[in-house]
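First to last, the sequence lines map onto chains A and B.
When we follow the working numbering, the leftmost residue of the first sequence carries the number 1, and every step to the right adds one.
When we follow the working numbering, the leftmost residue of the second sequence carries the number 1, and every step to the right adds one.
Every residue, glycine too, gets a C-beta built ideally from N, C-alpha and C.
Taking it in order: structure first as structure tokens, then the write-up.
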Amino acid sequence: MRLLKNFESYRHDFPALYQEVHGHDLIYFDNAATTLKPMVVINEVMNHYYADTSNVHRGVHTLSERATLKFEAARESVRTFIGAASLSEIVFTSGTTESINLLAHSFGDAFIASEDEIIITAMEHHSNIVPWQLLAQRKGAILKALPMNECGELAWDLLATMITSRTKLLSLTFVSNAIGTINPIKEIIALVRSVAGTKVKVVVDAAQAVAHLPLDVKDLDCDFLVFSGHKVFAATGVGVLYGKEALLESMPPYKGGGHMIRKVSLEKSSFADLPDKFEAGTPAIEGVISLGSALNYLQKIGIENIRTYEEELAAFAEAELSALPFIRVIGKASCKAAIHSFVIEGVHPHDIGTYLDQKGIAIRSGHHCAAPLMEFFGVVATARISFAFYNRLAEIKILRNELIKMWEFFHGQSLSRADLRAQ
Amino acid sequence: MDNLYQELILEHNKNPRNFGELKEGECLKQEGLNPLCGDRLIVSLKLSEDGEQIIEDVKIRSDGCAISRASASMMSEAIKGKTVKDAIAIFHEFHDLLLKKHDPSVCPHLGKLEVFSNIWKYPSRVKCAALPWHTLNEIMEQTSKPGQSTSE
Ligand SMILES: Cc1ncc(COP(=O)(O)O)c(C=O)c1O
């Protein structure tokens with residue numbers, strides 16, 4: 001009960017919640033797409049522009065030094081947040097997508113050869129599919145996908161036979177953005193280690209995990225982990241690539257430019273130490289600072305508390321949705337994050353989205369950049385609701401009632417109490 | 001809400017006209033895709049072979065949203081029996097309507113299609129209403145090019 005009260009009060013930190021959309025109080029259920037920003041984060045960004053605008057790592061003047069301090073403090077916040085051993089292991093990128101592309105180019109070009117195998121899974125976001133396809137095409141490598149069962153859980157025991165002497169990399173998501181499955185990453189990595197030791201490198205796409213689950217890269221024993229700032233209450237345009245130090249050391253630069261060099265002549269350059277080697281050019285300074293601030297804010301609330309509270313939201317939503325006879329939930333994994341995908345017979349997800357928007361409820365409808373997964377479930381699109389810790393049980397009740405009205409609207413008939421109780 | 005989902009749109013969504021596909025070889029076919037939402041539809045068109053290019057039959061296959069289904073259904077009614085030239089004129093008027101550039105005194109051919117006159121208020125849905133028409137237009141552009149045969 002105390003927990004519930006606390007979470008109610010955190011709503012005050014998010015000014016965007018206090019607005020009306022089409023005459024209704026906003027209910028924001030699209031957190032898997034991007035999260036709202038708390039006032040502390042907004043203030044940090046504003047403060048940077050007000051007082052500290054400058055470039056980092058270059059000037060000797062006061063503004064630049066202030067900005068650089070905050071920038072590097074953010075790196076430390078990321079390091080502690082994910083339990084990395086060293087600051088050298090934290091590379092700032094523009095987002096999950098760029099982190100994966102960096103890996104596909106830098107790691108891929110150096111260590112993937114013709115006939116080598118890369119394994120992804122059937123539930124990946126396009127950003128964890130396409131960069132590997134492009135790499136496989138460049139190198140003549142082979143891309144395989146680990147299948148899932150009809151509940152939307154990975155058949156990860158198959159890895160024992162899928163991994164061969166040519167397998168170099170497994171890249172998989174921690175949480176499915178489309179159907180909410182939480183993959184048992186630690187167990188999966190342990191299996192990879194028992195079959196192939198450290199010969200198979202494991203990339204964890206933590207884009208949908210970072211705001212909701214505790215992350216500990218040492219405990220997971222992943223080789224790389226990537227996520228985006230905007231899905232964890234920070235600005236867009238910033239993301240993280242974590243890599244084990246020895247691995248990052250062994251990889252060539254991805255982009256060339258300022259700040260990533262040690263010595264440059266017109267013929268040849270040598271490169272800076274980690275993590276600078278992978279941070280060419282002027283970064284999204286205010287974005288990085290906002291990320292540090294967002295992670296510090298989350299640390300204070302406690303990611304374990306967030307997990308507990310969101311489990312409550314998810315269980316309530318699951319119960320409310322499955323009590324509606326016209327709803328088919330897509331993805332019924334036994335371990336799920338606060339993400340629910342569903343379809344409704346006779347109402348296209350787009351119409352669900354527009355209808356709910358008119359009631360002030362923001363949801364996502366579409367293929368969620370996971371076309372192969374949609375095909376697996378035999379749907380072209382779904383409606384998706386995804387929570388953050390500022391959502392409330394009462395909002396889910398409102399959603400449920402609006403879904404009933406919506407069904408009646410599109411079908412031109414009313415549902416009786418008996419219809420709703422049957423099931 | 002009723003602004004967008006007018007009675008007529010809901011009715012066509014529920015009971016779409018001319019849905020299905022014409023027989024392969026007897027018609028022209030075109031697939032339309034909306035990569036943003038994954039919507040996919042197929043327009044098949046049968047034109048008269050007398051050089052008049054009259055749209056003798058049209059069928060649409062769609063599992064899209066209410067807006068795109070209703071638009072497809074009403075499009076089929078609007079163009080059936082018309083010449084390709086007339087259908088192209090209606091397409092242009094409809095296009096203007098979706099973009100709020102429509103002037104009824106200049107474009108008198110829309111009739112029932114005016115039910116879509118509020119769509120511009122829902123920018124993310126304009127594409128849904130436009131997809132059937134753009135797909136149809138791709139076929140018509142091919143056939144109205146000089147020297148082009150009208151059967152596949
Ligand atoms: C699981 C997953 N991976 C990767 C991404 C891509 O993130 P971004 O677009 O921020 O690079 C997303 C975003 O939706 C995601 O949900």
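Distance, residue j Cα to residue i Cα
i, j, result
"residue 30(A)", "residue 177(A)", "11 Å"
"residue 39(A)", "residue 380(A)", "38 Å"
"residue 38(B)", "residue 46(B)", "27 Å"
"residue 154(B)", "residue 385(A)", "Summary: the structure shown does not reach residue 154(B), with chain B confined to residues 1 through 152, and so no result is reported for it."
"residue 262(A)", "residue 368(A)", "42 Å"
"residue 115(B)", "residue 95(B)", "13 Å"
"residue 100(A)", "residue 106(A)", "10 Å"
"residue 138(A)", "residue 53(A)", "41 Å"
"residue 20(A)", "residue 361(A)", "10 Å"
"residue 79(A)", "residue 85(A)", "7 Å"
"residue 295(A)", "residue 207(A)", "14 Å"
"residue 382(A)", "residue 374(A)", "8 Å"
"residue 366(A)", "residue 83(A)", "35 Å"
"residue 264(A)", "residue 72(A)", "25 Å"
"residue 257(A)", "residue 266(A)", "13 Å"
"residue 274(A)", "residue 255(A)", "14 Å"
"residue 408(A)", "residue 10(B)", "12 Å"
"residue 125(A)", "residue 370(A)", "5 Å"
"residue 149(B)", "residue 66(B)", "For residue 149(B), the pLDDT reaches just 47, beneath the cut-off of 50, and the residue's location in the model is therefore unreliable, although a value from the coordinates is still provided. Rounded to the nearest angstrom, the two C-alpha atoms are 34 Å apart."
"residue 359(A)", "residue 398(A)", "10 Å"
"residue 131(A)", "residue 87(B)", "43 Å"
"residue 144(A)", "residue 118(A)", "6 Å"
"residue 5(B)", "residue 22(A)", "16 Å"
"residue 139(B)", "residue 30(B)", "7 Å"
"residue 78(B)", "residue 184(A)", "55 Å"
"residue 99(B)", "residue 33(B)", "20 Å"
"residue 58(A)", "residue 246(A)", "27 Å"
"residue 350(A)", "residue 410(A)", "13 Å"
"residue 125(B)", "residue 376(A)", "26 Å"
"residue 59(B)", "residue 19(B)", "5 Å"
"residue 151(B)", "residue 81(B)", "Here the model assigns residue 151(B) a pLDDT of 45, short of 50, so the residue's position is not dependable and the matter cannot be decided."
"residue 293(A)", "residue 37(A)", "11 Å"
"residue 319(A)", "residue 118(B)", "37 Å"
"residue 11(A)", "residue 305(A)", "15 Å"
Whole-angstrom C-beta distance between residue j and residue i, which should lie under 8 Å
i, j, result
"residue 56(A)", "residue 290(A)", "So it is not a contact: roughly 14 Å between Cβ atoms."
"residue 146(A)", "residue 195(A)", "Incorrect: roughly 13 Å between the Cβ atoms, too far for contact."
"residue 44(B)", "residue 21(B)", "5 Å"
"residue 76(A)", "residue 87(A)", "7 Å"
"residue 179(A)", "residue 301(A)", "Between residue 301(A) and residue 179(A) the Cβ distance is about 26 Å, and since that is not below 8 Å, they are no contact."
"residue 403(A)", "residue 313(A)", "That pair is no contact at about 16 Å."
"residue 217(A)", "residue 170(A)", "Rounded, the Cβ-Cβ distance is 15 Å, inconsistent with contact."
Contact list for residue i against chain E, beta-carbon separation under 8 Å
i, result
"residue 38(B)", "Going by chain labels, chain E is absent from the structure shown, which instead holds the protein chains A and B."
Whether residue i touches residue j by CB criterion (8 Å)
i, j, result
"residue 307(A)", "residue 213(A)", "yes"
"residue 116(A)", "residue 252(A)", "no"
"residue 83(B)", "residue 56(B)", "no"
"residue 339(A)", "residue 353(A)", "no"
"residue 205(A)", "residue 173(A)", "yes"
"residue 227(A)", "residue 237(A)", "no"
"residue 128(B)", "residue 76(B)", "no"
"residue 347(A)", "residue 328(A)", "no"
"residue 278(A)", "residue 102(A)", "yes"
"residue 161(A)", "residue 336(A)", "no"
"residue 163(A)", "residue 200(A)", "yes"
"residue 189(A)", "residue 157(A)", "no"
"residue 92(A)", "residue 232(A)", "no"
"residue 230(A)", "residue 97(A)", "no"
"residue 167(B)", "residue 71(B)", "Because chain B spans 1 through 152 in this model, residue 167(B) falls outside it and cannot be assessed."
"residue 388(A)", "residue 235(A)", "no"
"residue 150(A)", "residue 248(A)", "no"
"residue 26(A)", "residue 309(A)", "no"
Any non-hydrogen atom of ligand 3 within 7 Å of residue i CB
i, result
"residue 344(A)", "Ligand 3 is not part of this structure, which contains only ligand 1."
Next on the checklist: Please enumerate, following chain order, all residues with a beta carbon closer than 5 Å to at least one heavy atom belonging to ligand 1.
Outcome noted: Here the residues come out as 95(A), 96(A), 97(A), 125(A), 127(A), 173(A), 177(A), 205(A), 207(A), 208(A) and 228(A).
Next on the checklist: Suppose only complete runs of 4+ residues qualify. What are the alpha helix (DSSP H) ranges in the region 117–143 of chain A, listed by chain order?
Outcome noted: Runs of the alpha helix (DSSP H) inside the region 117–143 of chain A: 130–139.
Next on the checklist: Which complete beta strand (DSSP E) runs does the region 276–360 of chain A hold, if anything under 3 residues is left out?
Outcome noted: Fully enclosed beta strand (DSSP E) runs of 3 or longer: 327–330 and 339–344.
Next on the checklist: My parser needs the beta strand (DSSP E) runs of 3 or more residues fully inside the region 71–114 of chain A; what are they?
Outcome noted: Assignment of beta strand (DSSP E) within the region 71–114 of chain A, counting only whole runs of 3 or more residues, yields 90–93 in chain order.
Next on the checklist: Quick check on the DSSP output: what are the complete beta strand (DSSP E) runs of length 3 or more inside the region 153–207 of chain A, in order along the chain?
Outcome noted: Complete beta strand (DSSP E) runs here, min 3: 167–173 and 201–205.
Checklist entry - For the region 216–251 of chain A, which segments carrying the alpha helix (DSSP H) assignment without a break, of at least 4 residues, lie completely within its bounds, in sequence order? => result Runs found: 217–220 and 245–250.
Next on the checklist: Restricting to runs no shorter than 4 residues, where is the alpha helix (DSSP H) found entirely within the region 14–79 of chain A?
Outcome noted: If we require 4 residues or more, the alpha helix (DSSP H) runs fully inside the region 14–79 of chain A come out as 39–47.
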